[in-house]
Amino acid sequence: MSELYVTEVTATGGRQGDIKSDDGILQLELAPPAGLGGPGGKTNPEQMFAGGFAACFGNAVIHTARAQKLPVKDRDVEVVARVGLGPNGTGGFGLSVALETTIAGLDRDGAEKLVEAAEKVCPYSNAVRGNVDVAYSVKTR
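Quick note on my numbering: the sequence shown kicks off at 701 and runs consecutively.
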């Protein structure tokens with residue numbers, strides 16, 4: 701694969717540590733959420749994954765809408781990502797993802813077709829396909 705963009709982030713200390721990007725723009729302290737017995741109050745890997753997936757999928761929807769010449773503006777697309785963490789049955793852990801995409805300006809059928817096409821374009825969707833259960837749902841406004 702020819703890379704269009706590369707970034708590097710260093711994590712120190714696992715879930716109780718911090719992360720920092722090589723350009724210094726991203727600098728966050730981490731803490732396990734209270735739901736996992738941690739103190740909470742700081743971000744965690746699941747929140748970052750959810751945010752990244754939601755933003756990336758939203759951009760895939762926008763990109764696909766433009767390619768199809770649909771009347772969808774950037775702010776017409778909202779994606780809510782729900783990421784769950786749980787045991788995978790083999791002694792490790794796995795993720796589940798639900799993406800709820802709301803699109804303004806299209807009817808339900810058009811919005812569903814757009815999301816279906818965007819799923820094939822999104823780098824996150826392509827990366828997790830076959831490894832993570834992802835449920836896609838669509839709303840219109």
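Ideal Cβ positions, reconstructed from N, Cα and C, are used throughout, including at glycine.
Separation of P732 and K769 (C-alpha to C-alpha, rounded to the nearest whole angstrom) is 43 Å. For the 8 Å CB-CB criterion, L799 and E746 do not form a contact.
By the criterion of at least three beta-carbon pairs nearer than 8 Å, the segment 812–820 is not in contact with the segment 781–796. With a threshold of 16 other beta carbon atoms within 10 Å, N826 falls short and is exposed. Taking the C-beta atoms as reference points, E708 is found nearer than 8 Å to S721. Within the segment 744–802, the complete beta strand (DSSP E) segments at least 3 residues long are 777–787, listed from N- to C-terminus.
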